[in-house]
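K.L.:
Okay, so the sequence shown: first residue is 18 according to this note's numbering, each after it adds one.
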Amino acid sequence: GCRSPRSSRGRRRGRSPAHRRLEKLKDSGIRIETDIALPYESRIANADMILSCGNMLNNAEEACRAVKGAEPFVRIWAREENGCCTIRMENSAAAADTRKKARIHGPERGLGTGIINNIARQYNGTFITGAKGGVFSAALTMQVPAETHAEQHTEGAGC
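1. Could you give the DSSP three-state label for residue 38: helix, strand or coil?
2. For residue 85, does the three-state DSSP call read helix, strand or coil?
3. Label residue 109 either buried or exposed according to how many other C-beta atoms from any shown protein chain fall within 10 Å of its C-beta, with 16 as the threshold for buried.
4. Given this structure, state the Cα-to-Cα distance separating residue 92 from residue 46, to the nearest angstrom.
5. If you count every other CB in all the chains shown that lies within 10 Å of the CB of residue 34, and 16 or more means buried, which is it?
6. Just verifying my parser: in three-state terms, what is the DSSP assignment at residue 60?
7. Quick check on this structure: which residue in 40, 136, 90, 43 has the alpha carbon closest to the alpha carbon of residue 151?
8. If you compare alpha carbons, which of 86, 104, 149 is closest to residue 69?
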């Protein structure tokens, strides 16, 4: 998922699967930029974070592999603030990819964006994609569920 370890001094051993995957992408020639500040624990289910981030990263990786003549990149920005979790991902895209809606070809493809849309709806959020100038952008917002009934009545207006 997109969650980062507690700190470089934390108790966790080794790298998370997400960190290993990003390192593998870097090793394959894709420039990776991250600005991730998510809490170690959240009321958004870990499985939902893993599914959404994994699918967004799958799409970004495939688009980067189609880019010719330029250094491909993936930028990831994530925050959980004021009752809202936002994950933005930008990546290089081939010129043809920027003129059509993001869709990965193949019989089992296209399911990832549907999964992300379902997760967004589950958390009263949005999943928005777009492309401009050879850059594809995706943004997922999710309202963080309230912890208690009382908190639901005192919380601000979410995302």
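Don't be surprised by glycine CBs; every beta carbon is placed ideally from N, CA and C. In this text, all values refer to a predicted model and were calculated from it rather than measured experimentally.
P.N.:
In short:
1. To locate residue 38, count along the sequence shown from 1; it is residue 21. Residue 38 falls in the helix class under three-state DSSP.
2. In the sequence shown, the residue the question calls residue 85 occupies position 68. Taken through DSSP and simplified to helix, strand or coil, residue 85 comes out as coil.
3. On the sequence shown, position 92 is the one that residue 109 refers to. Buried: at least 16 other Cβ atoms inside 10 Å.
4. Residue mapping note: residue 92 aligns to position 75 of the sequence shown, counting from 1. Residue mapping note: residue 46 aligns to position 29 of the sequence shown, counting from 1. Looking at the two C-alpha atoms, the distance is approximately 14 Å.
5. What you label residue 34 is simply residue 17 of the sequence shown in a count that begins at 1. By the 10 Å Cβ count, residue 34 comes out exposed.
6. Position 43 of the sequence shown, counting from 1, holds the residue named residue 60. Of the three classes helix, strand and coil, the one that applies to residue 60 here is coil, per DSSP.
7. If you number the sequence shown from 1, residue 151 lands on position 134. Comparing C-alpha distances from residue 151 to each of 40, 136, 90, 43 shows the shortest one belongs to 90.
8. The residue labelled residue 69 in the question sits at position 52 within the sequence shown. Looking at the Cα atoms, 104 is the closest of the given residues.
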